[in-house]
Structure formats: C-alpha cells, structure tokens
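Undergrad: First, the structure itself, so that you have it in front of you.
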Amino acid sequence: MSRYFGWLLVAFLASVPLWMHDFYFLHVLITTGIFIIAAMSLNLLLGYTGQLSLGHVAFFGIGAYTSALVSLGFQIHVLPDFTIGLAPKPAWFAMLAAVAVAGLTGYAIGKLSFRVRGAYFVIVSISFAEVVRLVAVNWVELTQGPMALNNIPVLRLGAGPLELSFLRKPEFYLLVLAVAVVCYVVIARLVNSRAGRAMIALRENESLATSVGIDVTHYLVLATVVSAAIAGVAGALYAHYIRIVDPDIFLFIYTVTMVIMVITGGKGTLAGPIVGGALFGFVPEILRAMEIEPELQWVVYGVLMILVVYFLPRGIVPAIGGYFSGQKSGGTAEAATTAAEPVQK
Amino acid sequence: MRKLPGLMATAVFLTGFVVTGAYAQETIKIGVTQPLTGAFAASGNYVAQGAKIAEEEINQAGGVLGKKIQLITEDNKSNPTEAVSTVEKLITKDKVPVLIGAWSSTLTLAVMPKLEEYKVPMIVETSSSGKITTSGNPYIFRISPTSAMEAKAFQPLVKKMGIKKASFLYTNNDFGIGSANEYSNMLKTNGATVGVMETMDPKATDFSAQLAKIKASGSDTLFVTTAVEQLTLILKQAKEQQVKVRIISCGGSNSPDQLIEQAGDAANGSYHTAFFPPWFPEVTKNPEVSKRYMAEWKKRGHNVGGLTEGFRGFDGVYVAVAGIKAAGKAEPEAIRAALWGVTVKGIYGDIHFNKEGPAGKESGQNVPVVYLVTITNGKVVKTSF
Amino acid sequence: MDELFQHFLNAIILGGTYALLGIGLTLIFGIMRVVNFTHGELYAFGAYCMYALVMIFHVNFFLALALAMAMGILMGAALEMLLLNRLRGADIDTTMLVMIGAWIVMQNMEQFIWSGVALSINSPFPANPLVLGPLSVSWNRVYVFIIALALIGATYYLVNRTRLGKAMRATFQDRDTAALMGIRIDRIHTATFALGSGLAAAAGALLGPVFVVTPTMGDLAASKAFAIVILGGLGNITGATLGGFILAFVEELGAGYISSGYRDAMGFLLIILILLMRPTGLFAQKERIG
Chain A
53 MSRYFGWLLV AFLASVPLWM HDFYFLHVLI TTGIFIIAAM SLNLLLGYTG QLSLGHVAFF
113 GIGAYTSALV SLGFQIHVLP DFTIGLAPKP AWFAMLAAVA VAGLTGYAIG KLSFRVRGAY
173 FVIVSISFAE VVRLVAVNWV ELTQGPMALN NIPVLRLGAG PLELSFLRKP EFYLLVLAVA
233 VVCYVVIARL VNSRAGRAMI ALRENESLAT SVGIDVTHYL VLATVVSAAI AGVAGALYAH
293 YIRIVDPDIF LFIYTVTMVI MVITGGKGTL AGPIVGGALF GFVPEILRAM EIEPELQWVV
353 YGVLMILVVY FLPRGIVPAI GGYFSGQKSG GTAEAATTAA EPVQK
Chain B
4 MRKLPGLMAT AVFLTGFVVT GAYAQETIKI GVTQPLTGAF AASGNYVAQG AKIAEEEINQ
64 AGGVLGKKIQ LITEDNKSNP TEAVSTVEKL ITKDKVPVLI GAWSSTLTLA VMPKLEEYKV
124 PMIVETSSSG KITTSGNPYI FRISPTSAME AKAFQPLVKK MGIKKASFLY TNNDFGIGSA
184 NEYSNMLKTN GATVGVMETM DPKATDFSAQ LAKIKASGSD TLFVTTAVEQ LTLILKQAKE
244 QQVKVRIISC GGSNSPDQLI EQAGDAANGS YHTAFFPPWF PEVTKNPEVS KRYMAEWKKR
304 GHNVGGLTEG FRGFDGVYVA VAGIKAAGKA EPEAIRAALW GVTVKGIYGD IHFNKEGPAG
364 KESGQNVPVV YLVTITNGKV VKTSF
Chain C
437 MDELFQHFLN AIILGGTYAL LGIGLTLIFG IMRVVNFTHG ELYAFGAYCM YALVMIFHVN
497 FFLALALAMA MGILMGAALE MLLLNRLRGA DIDTTMLVMI GAWIVMQNME QFIWSGVALS
557 INSPFPANPL VLGPLSVSWN RVYVFIIALA LIGATYYLVN RTRLGKAMRA TFQDRDTAAL
617 MGIRIDRIHT ATFALGSGLA AAAGALLGPV FVVTPTMGDL AASKAFAIVI LGGLGNITGA
677 TLGGFILAFV EELGAGYISS GYRDAMGFLL IILILLMRPT GLFAQKERIG
C-alpha cells in the first residue's frame, strides 16, 4: 500500500509544472528540493547511524565547488613554475565529478572523525566544516575566494536538436525531482540491507554491536561516504541552478536548516527529511508573504521549531505513524518504539 | 443561516482582493532587495530607509507617468540563496520592471543570472566588486563606485599627504581584498612602498595581533577597509597599543559620525573616504538634493550615523524612476534601454552610465565623486588637500 | 622582541575572558550534555543588559556588571525550566534543536529591539593605555582580566568546595544514585544551566565595553567557547581555564606570526589536531570516548 503511495506522490509531483505556472512557487520547490536531498543525506548519518554531524554543509559545499570548478575549468600553481589545469568540461560531467569528490572527502573525513564519538564528534564535524570554508576563502587561485565563481554554465544534455538545457524552471524542477527520487531509492536500499541493519544496530548500542562482530568503523565510514556523495549531488544541483558559488555556501545556517529538517521530520525515518524539509522550506516563504517585520519572521520560525520538537520529540513522521498504529494495536507500537530509544549517554 | 458568516467573510475577502488588486493597478512597482536581517542588517536597513524617503518625495510630487510608485522591499537575510529567492519573488510574483539591490557584492553577483534570465534591469547601489560590471551582464547599472575608481581618485593625495610606506588592514572578503589590491597597486605606481598587508575575518573583534605587526613594520600610514563596527574597534585598539600611524579608511561604509560617538578620542586624526559628506553638503555636486534628503532623514528620527549609507537607496530610487520616465512605460526592456541615456542629479553626483565590460554585453557604471574627510576634535572636517 | 612581548601580554589578557566563556559552557555542554547553542546569546544578552543599565539607566558601571550577571542567571534558569525541563530524557539532538530555536529567537529579538547598529558602552577607565615600557594595554582590559580571574576562582570554589557543587557533580556522574541520596535533580539541572549562563552573561558584560555590542556578537564567542571546552575536556573546569589561555596564545601568536586572516580559525585547527591525537582533550581525566 505505502509503496504505491510513494509512486503516486512522485507522479503527482512530476505533474506540477504542467498546471503550476507560478515560477516563484517552482523556484521555492526547487530550492526546497535541493535542501531535502541534502537533508536525506544528513539523515543517513544523523538518523540511521546516530552520529550528530554538524558539519554536513561541508560536503554540500564541496560538491558545489567541484561542479563549478570542473565546468568552468581552472588552473593552479602547485609549484612556482608548475601548474595543474583543467579545461572546462560539460556540466553533467562536472556533476558526476562532484559526487565522486564529495564521496572521497566523506571517506577521508569519516576515517579521521570516527576515532571519537558523541559530543566530541559534534565538535570535530563543525571544525572540519569551518576549515573547509577557510580553505575556500583563502585558496584564491583555485576558488576565487570571496570573489566568487560566477557564470557557472547551465546544465545541458544531448546535442544539437535533441539538446535539453536546464535553464528554465520546469526542466530544472523535474531534474531535482528525478535526483531526489534516485537518492531516496539509494538510501532506502541501503537502510534495508544488511549494511543498514548494522548501522541501526550500532546506533542503538555500539558496544553490543561490536561484541556481535559488527565492524563499527567500517559501517560508519560507509554511511559517511554515501551521505557525503548525496550531499555533493545536492551541492552540484545548487551550483548549476543558482550559478554562483562563494564561501558563503558554507554558512552554518545551511547546516542548521538541514538539521532542522531532519529532526523535526523524524530522524531515522525515510520520509522524515521530506516532511521536515517541506515544512521548513515553505514556512519562511509563507512568513515572507505575511509581511511582518523580518526579525519577527525569524522569531516565528524559531518558535515553531521549538514547538514541533517539544510536542513531537521524535519528529512528525513517527508521531503520525505512531498515531495510526496506536489506533490499530492499542499502544504496543508506541511501547516498542520507546523501548528502542537509545540509552542516554 | 449558518452559511451567512461564511458568505460574508468570503465577500469581504473578495472585496479586499479586488480593492487591493485595483489599487495595485495604479502604482508602478520598484523592487528592492536588501539585507534586513543577518550580518549586514544595519546597513541594509539604512539603505531601505533612504529608499523610502525618495519614494515618498516622488509620490508627493505626483509620481511618474501619472502613477504613484510603490517600493516592494524584500529581506535577503545577508545570504546569497535568499537573495536569489527575493529577486525571483519580486520579478515573477510582484512583476517589478526594475530592481535596486542587493547591497554586498556577493549578494549582487548571486542575483545577476536571474536578471539575465528574466531580462529585468537592476540598479546596484552599494557593491564595489569589479566583477559585477565586467561579467558581461547588460542588466546591471551600478551607481556606486568600484574600488578601482576610489583608489584612482585618491592618487593625487599620495604626494600631498606625504605617504611613504603604507600598510593595509582589510576584511577577508571581496570588499576588503578588492580595495586593498587596488590601493596597494595605486600606491606602488605613485612612489610609495607597501608595508604589511594584514587581513581580518569580517566578524573578528580583536586585532591586537595584526596591529602589533603593523606597528613593527615602520609604516607611516595604515589603510583600513571594513565596515564601521570593526573600524571603531581598530581605532580604539590602535590607540591602546600605541600604534602611531595615520589611519585612512576606505570603502565608504565607515560612518564617521558613529566613529566619533563610539571611538571617542581614538577617532581624532583619522581620515575617511566618503561618497557623501553630510557634514558639509554644500560641497556635493547637487547640494539642494543632499540637503533635502538630510532634512527628511533627521525629521524621521533615523540614526544620523546612517546618512552615509541611506543616500544610496535614495539615489537608487531616483535613478530607477528616471529610467521609467525616459522609457515612457513600466516595462523592463524599455527601462533598460532608457537607463543608458539618463542623467540624474543625485547625491552621488551627476549620475549617468558609462559602458563597462565585454563588448556587446556591457553593464552601466557611474563615476561618483569621492571625498576625503578627517576627524579633528570630535568633529568631521574637510581635509586641507 | 617587543612585538613578541606585546603578543604575550595580549594573549594573557584575552585568555582570561576566553576561560570564562569556556567554563560556562563546559558546565552545560560537558556536564549536562546539552549542545547549548544559546551560550553565545547569553553572552550577547549580558552585553545588552550592560548597555541598558549603564547607558540608559545610568547605573554605576561596577554595579551594572553584577546586575547583568544576575540577569544572565535568571535568563538561564528561565530557559532551562521552560525548554529543557520536559526534554530531560530526550536525545542529545532533540535538545540541541530546541537550543537552536531559542538561539534564533533570542538573536532576532535582540535585533528587533535594538536594531543591528553597533552600540558602545562607556567605561569609567581612562582612554589612554597603561604603558609598561614598550608594551601597552588598556585599563579596561586589565579590569576585565582581574574580574575574570575572580569569577573563575569563585566558580571553582562553588563547584569543588560547596555542597551545591558537590550535588552538581554527583548528579551528573550518576543521576539515579544522586536522586536516591535526596538530591533534587530538577533544581540541580536548573542551577547548573543558570550558572553556566550567568558566566556567559558576565563575559559579555565585561567585554561589551571593550568591544561593541551587536546582535550577532554571540556567534563568534560561542564557537570559541566550544573550542575551549574540547581543549579542556568536557566538564573539566581547570581544563577549560587552561584551554582558554591556550586558545588565546595560539590565536595571538598564530595571527602574529603565521597568518592574521586565519586567526579565528586557529581554534578549529587546534581542535582537530587535539582530537586526532588526544581525543579526550588535553586535560580530561577519565572521559570515555562516546
């Protein structure tokens, strides 16, 4: 039943450009969609392996920068007379490169960071993001630093009369939707596989998982790589939509936004980031349309966040799910979920 | 009977809808995107306030093309993604034919692709990065000066002020880096040497390390490019650490009034480039305009320290309106074409647009006047150069 | 050589306030395990209180400090009782999110009330610096340093030598046993959060007159505080104190001799290095990892 619901939803979403001619609304859908993809990737780390990574925007930004740089071309001096250069490549190639580079970074950072856990891991993840940001700011020869990489080419597929160019809103919206669906499927497959079960096991009780032979670090790193790669895709989409990338892409507020989407939606659920993403992607726009003072718009946003988390600490999706299954089995589902709560460290 | 309240509500709603719709028909809308919250909120709000003054002045004088103008101001939250969203909304929902924005260079650069996509012109009121007018975007019309222009205007003063060795302290973003590069190049071609070039994070509050280095470098002058909050701290800390150099601030976001108020004695003896000197408006190109703006600003009780930024919004609106008038209609393409030919007597000077950038896709760039003022005994005075 | 000594002097003075920030957070983050995103906002709150007291109500400068700190304590207690109380058993990231929400609300309320323009607080100290040979330092900063040390000492005393402090340490080592021993857990949580917040507010009230007061001033302070907590080991007050000084030294010398642009990044680089080599921080005794 729920499988069909999923595909029905996708079909409905795909039809949107046919009847929705409000370009601004499509724009909001696109930016929200990009953040939802990033939120889904964060959910893999935060929700499924239970690691509170607050540096996630680093992977997003690396994906954006890689895609921008590969499609613009670059040249850097490794030694005073020796340069490494790359001629501009087509955008689709750049995006694939972005996924690869982001994934690799995920591997490297994962291997280094997972020597620590809990609160320490939180700080390490923030620190990594900050260092990446500073590299972007200071390595001007490569990244243009604060002067920004602009005029990023539009994504084009095919050639000649069959060329599909993703400049206009409807096409880009469908692209984002397609990528989101693919990512969702990848994550769903991973989570429901043996690897996924191992991750959930180590989230629930790491020492117990180790004692039954689960290689914790291996699975954590795996989760990071996949998570980083997907965040990289989101970053690449961003780069080819907004078409300018500068170190501001590493703003902490973006990480915060993703975290909000995951946790309010329901971490550790597949639908969570989508629901949370939709809610907190649309709320700022609704607030903007209400024409109250800008600072107060933020205040309402913050209060709403607090209320959602306060009354639905496990997130919206589990709350709805709990409500429905509570109706049927009279509370056993709730009991089961509370028993599975991770032991407070 | 139960349906009556519902029906009445609907009726009221529809009437309201129709009325506002009808009202909306009667105004010409101008979009404004500024950082009203976030890191640049102070400046963004000043620009928005200046723009509002112009809006009401123009409407009192009858508006343009027989209709009143209506500014639609959106908050871009000091964040490039939001800046793009504001421009999207202003163009696609509010259907503005011309925009003013977006304050900082990164925010302006972020929205430029959208301007080209939708073919709507934007008047750039503050940003200083050269890239904005050299990227080949024919929808950009900048009234603020570039760092290169500012440095060029400073040239004759190098000898007059006797600058032999100068160091630089600037923020690590496009604003600071652009300014420091332009000024240091200008100095080198004018017989001066460069000491140390120190950067600072735009959010930093402690500059003791950088100042100690500058002190040890033996420079006689220090060029500082940053916003007024950091400038206040730099002046205070330079005094605390006894860094006895002549301090010159660049970039125009320096608000000398605020410096006097907050840095007190430490501000004396410092120099500041300004694009509008509210302390002696009579030296500006169009003193009647300057005085009118200042009077209205003070009447509304706005912070006096904001005069040096609010005028950008003020001039921006007047230029937009001049473009609409010359075009004869509130259509983006017509306004874009018409802006090339306008001259506006503004606070920036006699505003007009020269071509700048790659051939065939030039942007418009104004050449504003640049002033140098100094603070003596707690007052801003003209320099004697 | 003079330059080096000046850097040293600057670092020592700065270290005092960093330590104050770090101690406040190590109590909350380290002991209560709350990722306290409002710590920076309490710092800003303290500064704004100081501004209001000194510049609007013309309260005596030194009395205003005490009042600002008291208001910080009250604000901290209010936050804890309103927001954290109910979430006591929840995951670390749930409480974190609530703190993020509170951070957004507080910072924007501050901007709404005061606008984003920087405010400066007058201090009764002379503008001319204290000159020691080739070195100089402002009187204001010397005062800040002395008060910071006093507050650090007082906190140390409170936590290690009073009953309340003992109760705090007991609660966070083993909550159930502490409850069995008759300790009022609720009150301890509130008191700890209030104390940490009060210290942050004090730091803000002290530094407000030295720098300027803006709504976003808390963000930088908070990131330094987190760095110090990691350096010193979670929950370790002595560690946080030393960590504050170490961070100040690394920043000053790094900015002075390596690169000034990276100054505020020194903290992060330091954290990464420490965590890779000594994951429990420089001074932690027996923190387990994870």
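Protein chains in written order, with our numbering: chain A, 53 to 397; chain B, 4 to 388; chain C, 437 to 726. We put the beta carbon where it would ideally sit given N, CA and C, even for glycine.
Can you tell me where the alpha helix (DSSP H) holding Arg-340 of chain A begins and where it ends?
TA: 324-341 is the span of the alpha helix (DSSP H), which, as asked, contains Arg-340 of chain A.
Undergrad: Using a cut-off of 9 Å between C-beta atoms, extract the partners of Ile-180 of chain B located in chain E.
TA: Structure shown: chain E not included; protein chains present are A, B and C.
Undergrad: My parser needs the beta strand (DSSP E) runs of 3 or more residues fully inside the region 191-247 of chain B; what are they?
TA: As far as the region 191-247 of chain B is concerned, its whole beta strand (DSSP E) runs of at least 3 residues are 196-203 and 224-228.
Undergrad: Could you tell me whether the region 352-363 of chain A touches the region 331-340 of chain A, using the rule of 3 or more Cβ pairs below 8 Å?
TA: With a cut-off of 8 Å, the region 331-340 of chain A and the region 352-363 of chain A count as touching, because enough Cβ pairs lie within range.
Undergrad: Take Leu-450 of chain C as the anchor and find which of C:Tyr-479, C:Leu-585 and C:Phe-629 has the nearest alpha-carbon.
TA: It is C:Leu-585 whose Cα lies nearest to the Cα of Leu-450 of chain C.
Undergrad: How long is the line joining the alpha carbons of Val-231 of chain B and Gly-179 of chain B, rounded to whole angstroms?
TA: Their backbone Cα atoms lie some 13 Å apart in a straight line.
Undergrad: With three or more beta-carbon pairs closer than 8 Å as the criterion, would you say the region 169-185 of chain B touches the region 214-222 of chain B?
TA: At 8 Å Cβ cutoff, the stretches touch.
Undergrad: Does any residue of chain B have a CB that is nearer than 8 Å to the CB of Ser-559 of chain C?
TA: So no, Ser-559 of chain C is outside the interface.
Undergrad: Suppose only complete runs of 4+ residues qualify. What are the alpha helix (DSSP H) ranges in the region 142-191 of chain A, listed by chain order?
TA: Listed in chain order, the complete alpha helix (DSSP H) runs (minimum 4 residues) inside the region 142-191 of chain A are 143-165 and 170-190.
Undergrad: Consider the Cβ of Val-578 of chain C: report whether some Cβ of chain B lies at a distance smaller than 8 Å.
TA: Cβ-Cβ to chain B under 8 Å: no for Val-578 of chain C.
Undergrad: Going along chain C in order, which residues have a C-beta closer than 7 Å to the C-beta of Gly-329 of chain A?
TA: Near Gly-329 of chain A there are no residues of chain C at all, since even the closest Cβ is about 15 Å away, more than 7 Å.
Undergrad: Apply the 10 Å Cβ neighbour rule to Gly-69 of chain B and answer buried if 16 or more other Cβ atoms are within range, or exposed otherwise.
TA: Exposed.
Undergrad: Are the beta-carbon atoms belonging to His-292 of chain A and Ala-152 of chain A less than 8 Å from one another?
TA: No. Outside cutoff.
Undergrad: Chain A beta carbons: is any one of them nearer than 8 Å to that of Val-534 of chain C?
TA: Cβ-Cβ to chain A under 8 Å: yes for Val-534 of chain C.
Undergrad: Report the residues of the region 505-536 of chain C with a CB closer than 8 Å to any CB of chain A, ordered along the chain.
TA: The residues in question are Leu-519, Arg-522, Leu-523, Gly-525, Ala-526, Asp-527, Ile-528, Asp-529, Thr-530, Met-532, Leu-533, Val-534 and Ile-536.
Undergrad: Can you look up Ala-169 of chain B in the DSSP assignment and give me helix, strand or coil?
TA: Reduced to three states, the DSSP call for Ala-169 of chain B is strand.
Undergrad: Are the CB atoms of Leu-238 of chain B and Ala-270 of chain B within a distance shorter than 8 Å?
TA: Their beta carbons are under 8 Å apart, which means Ala-270 of chain B touches Leu-238 of chain B by this criterion.
Undergrad: Does DSSP put Val-352 of chain A in a helix, in a strand, or in coil?
TA: Three-state result, Val-352 of chain A: helix.
Undergrad: Counting C-beta neighbours from all protein chains within 10 Å, is the total for Trp-59 of chain A 16 or more, i.e. buried, or is it exposed?
TA: Classification for Trp-59 of chain A: exposed.
Undergrad: Just list the residues that DSSP pairs Leu-555 of chain C with in beta bridges.
TA: DSSP, once it has assigned bridges, lists C:Val-649 as partnering Leu-555 of chain C.
Undergrad: Nearest chain A C-beta to Met-125 of chain B closer than 8 Å, yes or no?
TA: Chain A contact via Cβ: absent.
Undergrad: From the DSSP secondary-structure annotation, give me the bridge partner or partners of Ser-252 of chain B.
TA: Its beta-bridge partners are B:Val-227 and B:His-275.
Undergrad: Give a yes or no on whether the minimum CB-CB distance between Lys-206 of chain B and chain C is below 8 Å.
TA: Chain C contact via Cβ: present.
Undergrad: If you reduce the DSSP assignment to three classes, tell me which class Met-125 of chain B lands in.
TA: Looking at Met-125 of chain B - three-state DSSP - the assignment turns out to be strand.
Undergrad: Label Phe-498 of chain C either buried or exposed according to how many other C-beta atoms from any shown protein chain fall within 10 Å of its C-beta, with 16 as the threshold for buried.
TA: Exposed: under 16 other Cβ atoms inside 10 Å.
Undergrad: Just to check my reading of the structure: Gly-324 of chain A and Gly-373 of chain A have Cβ atoms closer than 8 Å, yes? What is that Cβ distance to the nearest angstrom?
TA: The Cβ separation is near 10 Å, so there is no contact.
Undergrad: Tell me, please, whether the CB atom of Ala-455 of chain C is closer than 8 Å to any CB atom in chain A?
TA: Not an interface residue.
Undergrad: Using a Cβ-Cβ cutoff of less than 8 Å, which residues in the same chain neighbour Val-578 of chain C once the five nearest sequence positions on both sides are dropped?
TA: Contacts found: Ile-449 and Leu-566.
Undergrad: Between His-305 of chain B and the rest of its own chain, which residues show a CB-CB distance below 8 Å, the 5 nearest in sequence each way excluded?
TA: Tyr-49, Gln-52 and Gly-313, listed in sequence order.
Undergrad: Tell me, which residues are paired with Tyr-374 of chain B by DSSP?
TA: Paired residue(s): B:Ala-277.
Undergrad: In whole angstroms, what is the alpha-carbon distance linking Phe-43 of chain B and Thr-613 of chain C?
TA: Going by the C-alpha atoms only, they are around 51 Å apart.
Undergrad: How close, in whole Å, do the beta carbons of Ile-666 of chain C and Leu-711 of chain C come, if the pair is a contact with beta carbons under 8 Å?
TA: Going by Cβ atoms, the distance from Ile-666 of chain C to Leu-711 of chain C rounds to 7 Å, so yes, they are a contact pair.
Undergrad: Measure the beta-carbon distance from Val-534 of chain C to Tyr-362 of chain A and round it to whole angstroms, keeping in mind my assumption that it falls under 8 Å.
TA: Confirmed, about 7 Å.
Undergrad: Between A:Leu-61, A:Val-68, A:Val-80 and A:Trp-71, which has its C-alpha nearest Ile-338 of chain A's C-alpha?
TA: It is A:Val-80.
Undergrad: Quick check on Leu-207 of chain A: does DSSP put it in helix, strand or coil?
TA: The answer is coil: DSSP assigns Leu-207 of chain A none of H, G, I, E or B.
Undergrad: Which residues in chain A sit within 8 Å of Ile-540 of chain C, going by Cβ to Cβ distance?
TA: Per Cβ cutoff of 8 Å: Trp-350, Val-351, Tyr-353, Gly-354 and Met-357.
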